[in-house]
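Q: Chains as they are written, first to last, in my numbering: chain A, 21 to 406; chain B, 13 to 367.
Using N, Cα and C, we set each Cβ at its ideal position, and we do this for glycine too.
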Amino acid sequence: MRAPQSHLRFAPARLPEETAELRADLRALLEREHRAGTWEDRGKSWNGHCPELSRKLGEAGFLGLTFPKQYGGHERTQLDRYVVTEELLAAGAPTAAHWVADRQSGPLILRFGSDEQKERFVPPIARGESCFCIGMSEPDSGSDLASLACRATRVDGGWSLSGTKIWTSNAHFADYCIVCCRTEAKDDGNRHAGLSQVIVDLKGSTGITVRPILNLGGLHEFNEVVFDDCFVPDDCLLGEPGDGWHQVTSELAYERSGPERFLTNFHVLRALVGVLSQSDRESTRRLVGSLLSRLWALRQASISVAGMLQAGELPNVEASLVKDVGTALQQELPEIARAVALDEQIDDVAFWEVVHHATMLAPAYTIQGGTTEILRGIIARGLRLR
Amino acid sequence: MSSDRLRTLLLETSSRLFAQAGEPELQESVDAGSFPAEVWAEIEDNGLPTALLPAERGGADLPWPDALAILRMAGAYALPLPLAETFVAHDLLHGAGVEPPEGPICLALGAPRSPIRHRGGSLSGSFSCLWPGSAHLLLVGRGEDGDSDGATLLEAQEAISRTSPTPAQNAAGEPVGHCASVQTEAVHELPPGTWRSTLELCALSRAMMIAGAMERILDLTIEHVQGREQFGRPIGRFQAVQQQVAEMTGHVALVGVAAEAAGAARAAATDPRDASFECASAKACASELAGPVARTAHQLHAAIGFTREHVLQRFTRRLWTWRDDFGDESFWQQQVGAAGLAAGSDGLWPLLSRS
Ligand SMILES: Cc1cc2nc3c(=O)[nH]c(=O)nc-3n(C[C@H](O)[C@H](O)[C@H](O)COP(=O)(O)OP(=O)(O)OC[C@H]3O[C@@H](n4cnc5c(N)ncnc54)[C@H](O)[C@@H]3O)c2cc1C
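1. Which word fits K223 (chain A), buried or exposed, when buried means at least 16 other C-beta atoms lie within 10 angstroms of its C-beta?
2. Taking 8 Å as the CB-CB limit, is P88 (chain A) close to chain B?
3. Report all residues from its chain with a CB closer than 7 Å to the CB of D254 (chain A); omit the five preceding and five following residues, and keep chain order.
4. Pick from A:L128, A:L236, A:D195, A:R22: whose alpha carbon is nearest that of A117 (chain A)?
5. On a CA-only basis, which of B:A192, B:F30, B:T261 is nearest G402 (chain A)? Give me that one, please.
6. In chain order, what residues of the region 344-366 of chain A put their CB closer than 7 Å to some CB of chain B?
7. Over the uninterrupted alpha helix (DSSP H) stretch that includes A306 (chain B), give me the two end residues.
8. Let me check you understand the geometry: is the CB of G162 (chain A) closer than 7 Å to at least one non-hydrogen atom of ligand 1?
9. Please tell me whether, using a cut-off of 7 Å, the distance from the CB of G389 (chain A) to the nearest non-hydrogen atom of ligand 1 is below it.
10. Among B:C118, B:D43, B:I229, B:L22, which residue has its Cα nearest to the Cα of A79 (chain B)?
11. Does any residue of chain A have a CB that is nearer than 8 Å to the CB of E300 (chain B)?
12. When the cut-off is 8 Å and only beta carbons count, does P36 (chain A) lie next to chain B?
13. DSSP three-state call for H376 (chain A): helix, strand or coil?
14. Is K343 (chain A) buried or exposed, if buried means 16 or more other CB atoms sit within 10 Å of its CB?
15. Tell me whether the region 313-329 of chain B and the region 276-290 of chain A touch, counting them as touching only if at least three CB pairs, one residue from each stretch, are closer than 8 Å.
16. Pick helix, strand or coil for C118 (chain B), following the three-state DSSP scheme.
17. At a Cβ threshold of 8 Å, is L329 (chain A) touching chain D?
18. A276 (chain B) touches chain A at which residues, Cβ-Cβ below 8 Å?
19. Could you tell me whether any Cβ in chain B is nearer than 8 Å to the Cβ of Q320 (chain A)?
20. If contact is defined by three or more beta carbon pairs under 8 Å, each pair taking one atom from either stretch, is the region 27-45 of chain B in contact with the region 181-192 of chain B?
21. Less than 8 Å between C-beta atoms, sequence neighbours within five positions excluded: which residues of the same chain meet that for P124 (chain B)?
22. Between the C-alpha atoms of A213 (chain A) and R231 (chain A), what's the straight-line distance to the nearest angstrom?
23. Suppose the cutoff is 6 Å on Cβ atoms and the five residues either side in sequence are ignored; what does the same chain contact list for T115 (chain A) look like?
24. According to DSSP, which residues form a beta bridge with W179 (chain A)?
25. Could you tell me which whole beta strand (DSSP E) segments of length 3 or greater appear in the region 182-229 of chain A?
26. Hey, how far is the Cα of A273 (chain B) from the Cα of E170 (chain B)?
27. Show which residues of chain A have a CB atom less than 8 Å away from the CB atom of D231 (chain B).
28. A331 (chain A) and L99 (chain A) - do their beta-carbons sit closer together than 8 Å?
29. Measuring only the C-alpha atoms, how far is L93 (chain B) from Q347 (chain B)?
30. Let me know the beta strand (DSSP E) ranges lying completely inside the region 104-155 of chain B, each 3 residues or longer, listed in chain order.
31. Under 8 Å, Cβ to Cβ, is there at least one residue of chain A near L360 (chain B)?
32. Figure out for me which residue from B:S288, B:L331, B:C291 has the closest Cα to the Cα of T308 (chain B).
33. Whose CA, out of A:C250, A:E352, A:L395, A:I219, lies closest to the CA of S163 (chain A)?
34. Hey, how far is the Cα of L91 (chain B) from the Cα of G34 (chain B)?
35. Report the residue from B:A72, B:P61, B:P77 whose alpha carbon sits nearest the alpha carbon of I117 (chain B).
36. N336 (chain A): buried (16+ other C-beta within 10 angstroms of its C-beta) or exposed?
So this is what it looks like as C-alpha cells:
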C-alpha cells in the first residue's frame with residue numbers, strides 16, 4: 021500500500037501576530053459605532069445597508085486592504101483582509117454598501133481593467149463610497165450561466181445593452197453593476213465564447229428599470245433589472261471583449277471563499293448563548309458544542325484558503341468545499357437553535373424573533389453564489405471524476 | 013538537517029514501516045487477538061516510539077507537531093499498534109522524571125466522565141485498556157480539585173492480572189481489557205491538571221489518526237468510483253455518485269484541518285489549558301463526522317466493500333473505534349458547548365477566534 025494521495029491542499033495557515041492589532045482596532049470601532057447607534061440590528065449582516073458605516077470603515081483604512089496604494093488601497097495581505105471580514109460578520113455589521121465592491125468588483129477591475137478604469141473606479145471603493153452589484157443571473161440562466169442572453173451590440177462610441185438580469189442584490193441602491201453579457205452571437209460549439217463584462221453606471225444611464233422583488237422574509241434585497249437600449253461607453257468594457265467567461269469564473273473564487281459562507285447568522289448563536297448563559301442540560305451543551313466545534317474547524321479551513329490566495333494561488337476547489345460545508349452548517353444553525361430553545365422552554369420574545377427571521381433567510385445560503393449541487397460538481401471535477 | 017527535511021524523512025520512514033502492518037496475514041492475526049510484536053520491533057529499531065524523548069535518553073527530541081504528523085500517517089495505514097499511547101506515556105513519564113520502560117505502553121485514564129481517581133497517594137476506579145498483557149500499562153488518575161494527579165506504571169503481566177480474564181474486542185478487532193475496580197499505590201505524583209491535559213493529548217492524537225484514516229478512505233473511494241464500471245461507464249461519471257464523493261470530501265477536509273489546527277494550537281500553548289477548546293473541537297468534529305464518512309464510503313463501494321477481504325473495512329472499523337476512544341463526540345461536544353455557554357454572548361466570538 022502506498023502513502024495516500026493528497027486530494028486537497030488546505031495548507032495550515034496561522035494568522036500572523038500583526039493581525040491582532042488590526043482586529044482589536046476594528047472591534048473597538050464597531051463597538052463604538054454600535055453603541056453610538058450608527059446601526060442596531062445585528063441580523064442583517066452583509067445585507068444591511070449603512071453607507072455611513074461603510075464610509076467610516078473606509079476612512080479608518082479597513083477597506084481596499086489588499087489593493088495597491090496607488091489606487092487608495094493599503095497593500096496588506098489576504099489574511100489581514102480575512103480578519104476584517106470575519107470581524108464585520110461576527111459583529112453583524114451592515115456592510116451591503118461596500119461588501120461586493122470590496123470583495124470582488126475591486127479585485128476584478130484591478131486584475132482585468134485598464135489603468136484608466138482602475139484610476140476611476142478603485143479609489144472610491146477603498147473609501148467605502150462606491151457600491152457595486154453583480155449582474156450575472158437571468159430569468160432563464162441560473163446555474164447555467166453560460167446560456168445567458170443579455171446582449172451588448174456595437175454602436176457609435178460604445179455598446180447598446182438590452183436584456184434582463186434578475187436576483188440582482190442591492191441594485192436599488194448600487195452605483196454600478198458589472199453585467200455579464202453577450203457581445204457575439206451564441207456559438208453552440210463553444211458555449212463560453214463571446215461573453216464580456218461591462219461596468220454599467222446605474223445612476224447616470226438611461227434605459228434601466230430596477231424593479232424590487234421582495235424575498236420570502238418580506239425584505240427588499242434583490243431586484244429585476246431591465247436594460248433597454250442602455251448606452252455603455254467604450255471605456256466601460258472590462259477586460260477583453262469575448263473574455264467574459266474567464267473573468268466571471270475568477271470573480272467567483274473571491275465570492276465563494278470568504279467567511280460569509282459560515283458566519284452570516286452567527287448572531288443567532290450569540291442570541292442563543294445569551295438566553296441560556298448556563299445550562300445543565302446535556303443535549304443543550306452537546307448541540308451548541310456540535311455547532312461551535314464545526315464553526316471553529318470551518319474558520320480554520322477558511323483561513324487556510326485566505327493563505328493560499330495570499331500565496332497567489334486560485335484555490336477554486338477548496339473555496340467551493342468551504343462554501344459547501346459552511347452554507348450547510350449555516351442552514352442548520354437556526355434549526356438547532358430552535359430545537360435547543362424549545363427543550364429549554366425559552367420564552368424570550370426577542371430571541372424567537374431572531375430565530376424566526378434567521379429561519380426565513382436560511383434557504384438562500386445554499387443557493388446564492390452557486391448552489392450546493394453546482395459546487396459539488398466543481399469539487400467532483402477537481403477530483404477528476406468528470 | 014532542516015526541520016522540514018527531517019519531517020519528510022520521518023514520514024517516508026513511517027510510511028514504509030506502517031505499510032507492512034497492512035499484510036493480510038498480519039491483519040488476520042490481529043483480528044484473532046495477537047499483538048503484532050514483529051512490526052512493533054521494527055518500528056522500535058527505527059526509533060519511532062522513543063522519538064519524543066531527548067537525545068540523551070535515546071530519543072530524537074521530536075517536537076509534538078511532527079509526532080502528530082506520524083500519527084496521521086499511522087491512521088492512513090490503520091496501524092494496529094499503541095504508538096500514540098506510547099508517545100503520550102513517554103512524554104508524561106519523562107516530564108515526571110521517570111525513565112520510560114522499553115516496549116509498547118498502553119494508557120488507562122478511566123472513562124472521561126468517570127476518571128480514575130488519585131487520592132492520598134493511591135489510585136482507584138474502573139478502566140478499560142487496549143492490549144492487556146502485551147504492553148505496559150500506565151494508569152493515570154485525577155486528584156480532587158487542586159490536588160495533585162498521580163500515575164502508576166504496571167508491567168504487562170500485572171496489567172493482565174488486573175483485568176477481566178477474557179478481553180472484549182473493539183470494532184477494530186483489538187482486545188480490550190476491563191477492570192471494574194482497581195486499587196493501587198500511585199508511585200508518581202503529577203501536577204494538578206495532568207490527567208486532563210493527558211486526556212486532551214490522547215483525544216488530539218486520535219483526531220489525527222481519524223484524519224489520516226479518512227484520507228485513505230477518500231482515496232480508496234475515488235479510486236473505486238473511477239475504476240468500477242456500470243451501465244457502460246465508470247460510476248464516478250454519475251452525478252449522484254459525484255455529489256456524494258464531493259460531500260464526503262468536505263467532511264474529510266474539515267477533520268484534517270481541525271486536527272492540524274488543534275495540533276498547532278497545542279504546540280503554541282505555554283499552558284495546555286490554552287488549547288483545551290481547540291483539542292476538544294477537533295475531537296468532537298472528527299468523532300461526529302466519522303460515521304457519515306464511513307457510511308458514504310461503504311455506500312459507494314457497495315457489496316465489495318462489505319467483505320472482510322476488501323481493504324476498506326480496515327479503515328472504517330478503525331473510524332468506528334477511534335471515534336469513541338478518549339471521549340466520543342457527545343463528551344467533547346459537551347465540553348465545547350460548556351465553554352461556549354460560559355463565554356456568554358459577548359465572549360463567544362473572542363473564544364472562537366482566539367487562535
Ligand atoms: C438571496 C439571493 C441573492 C442573489 N443575488 C444575486 C446577485 O446579486 N446577482 C446575481 O447575478 N445572482 C444572484 N442570485 C442568483 C443566484 O446566483 C442563482 O439563484 C443561482 O445561481 C441558481 O440559479 P437558479 O435560482 O436559477 O436555480 P436553477 O439553476 O434553476 O436551479 C434549480 C435547482 O436545480 C439544480 N440544478 C441546476 N443545474 C443543475 C445541474 N447541472 N446538476 C444538478 N443540479 C442542478 C440547482 O442546484 C437547484 O437545486 C441570488 C440568489 C439568491 C437566492
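A: If we stick to the structure as given:
1. The sequence position of residue 223 (chain A) within the first sequence is 203, counting from 1. Exposed: under 16 other Cβ atoms inside 10 Å.
2. Numbered from 1 along the first sequence, position 68 holds the residue referred to as residue 88 (chain A). No, P88 (chain A) lies away from the interface with chain B (no Cβ there is under 8 Å from its Cβ).
3. Here residue 254 (chain A) corresponds to residue number 234 of the first sequence, with the count starting at 1. These residues qualify, in order along the chain: G177, G178.
4. Position 97 of the first sequence, counted from the start, is the residue given in the question as residue 117 (chain A). The option with the nearest alpha carbon to A117 (chain A) is A:D195.
5. Along the first sequence, read from residue 1 onward, the residue named residue 402 (chain A) stands at position 382. Taking only the C-alpha atoms, the option nearest G402 (chain A) is B:T261.
6. D344, V345
7. On the second sequence, residue 306 (chain B) is found 294 positions in, with the first residue counted as 1. First-last of the alpha helix (DSSP H) with A306 (chain B): 288-313.
8. Here residue 162 (chain A) refers to the residue found at position 142 of the first sequence. Result yes, Cβ under 7 Å from ligand 1.
9. As a working mapping, residue 389 (chain A) is identified with position 369 in the first sequence. It does: the Cβ of G389 (chain A) is within 7 Å (strictly closer) of some heavy atom of ligand 1.
10. Mapped onto the second sequence, residue 79 (chain B) falls at position 67. Ranked by Cα distance from A79 (chain B), the first of B:C118, B:D43, B:I229, B:L22 is B:L22.
11. By 1-based counting over the second sequence, the position of residue 300 (chain B) is 288. Judged by the 8 Å Cβ criterion, E300 (chain B) is in contact with chain A.
12. As a first step, residue 36 (chain A) is located in the first sequence; it is residue number 16 there, counting from the start. No, its Cβ sits nowhere closer than 8 Å to a Cβ of chain B.
13. In the first sequence, residue 376 (chain A) corresponds to position 356, counting from 1. Three-state DSSP puts H376 (chain A) in a helix.
14. Reading the first sequence from its first residue, position 323 is the one you call residue 343 (chain A). Burial check for K343 (chain A): the Cβ neighbour count within 10 Å reaches 16 or more, so the residue is buried.
15. no
16. On the second sequence, position 106 is the one that residue 118 (chain B) refers to. Three-state result, C118 (chain B): strand.
17. Here chain D cannot be found, since the structure's protein chains are A and B.
18. What you label residue 276 (chain B) is simply residue 264 of the second sequence in a count that begins at 1. By Cβ distance, chain A contributes P32, R34.
19. For the purposes of this step, residue 320 (chain A) is taken as residue 300 along the first sequence, with counting starting at 1. With its beta carbon less than 8 Å from one in chain B, Q320 (chain A) belongs to the interface.
20. yes
21. One-based indexing of the second sequence puts residue 124 (chain B) at position 112. Once the five neighbours on either side are set aside, the close Cβ partners of P124 (chain B) are L211, F338, G339, F343.
22. To locate residue 213 (chain A), count along the first sequence from 1; it is residue 193. To locate residue 231 (chain A), count along the first sequence from 1; it is residue 211. Rounded to the nearest angstrom, the two C-alpha atoms are 30 Å apart.
23. The count along the first sequence starts at 1 and reaches residue 115 (chain A) at position 95. Counting only Cβ-Cβ distances below 6 Å, and skipping sequence neighbours, we find W66, L108.
24. If you number the first sequence from 1, residue 179 (chain A) lands on position 159. According to DSSP, which records beta bridges pairwise, W179 (chain A) is partnered with A:R174, A:V252.
25. Those beta strand (DSSP E) runs which fall completely within the region 182-229 of chain A and span 3+ residues are 196-202, 215-221.
26. Residue 273 (chain B) sits at position 261 when you count from the first residue of the second sequence. Residue 170 (chain B) sits at position 158 when you count from the first residue of the second sequence. Distance between the alpha carbons of A273 (chain B) and E170 (chain B) is about 38 Å.
27. Here residue 231 (chain B) corresponds to residue number 219 of the second sequence, with the count starting at 1. In chain order: P24, Q25, H27.
28. Here residue 99 (chain A) refers to the residue found at position 79 of the first sequence. Here residue 331 (chain A) refers to the residue found at position 311 of the first sequence. Taking 8 Å as the Cβ cut-off, L99 (chain A) and A331 (chain A) do not qualify as a contacting pair.
29. Numbered from its first residue, the second sequence carries residue 93 (chain B) at position 81. Numbered from its first residue, the second sequence carries residue 347 (chain B) at position 335. If I take the Cα positions, the gap works out to 28 Å.
30. 117-120, 129-131, 134-142, 148-155
31. Position 348 of the second sequence holds residue 360 (chain B). The beta carbon of L360 (chain B) sits closer than 8 Å to some beta carbon of chain A.
32. Numbered from 1 along the second sequence, position 296 holds the residue referred to as residue 308 (chain B). The residue from B:S288, B:L331, B:C291 with its alpha-carbon nearest to that of T308 (chain B) is B:L331.
33. Against the first sequence, residue 163 (chain A) aligns to sequence position 143. The shortest CA-to-CA distance from S163 (chain A) to any of A:C250, A:E352, A:L395, A:I219 is the one to A:L395.
34. To locate residue 91 (chain B), count along the second sequence from 1; it is residue 79. To locate residue 34 (chain B), count along the second sequence from 1; it is residue 22. Each residue's Cα considered, the two are about 8 Å apart.
35. Position 105 of the second sequence, counted from the first residue, corresponds to residue 117 (chain B). For I117 (chain B), the nearest C-alpha among the options comes from B:P61.
36. On the first sequence, residue 336 (chain A) is found 316 positions in, with the first residue counted as 1. Buried, because 16 or more other Cβ atoms sit within 10 Å of the Cβ of N336 (chain A).
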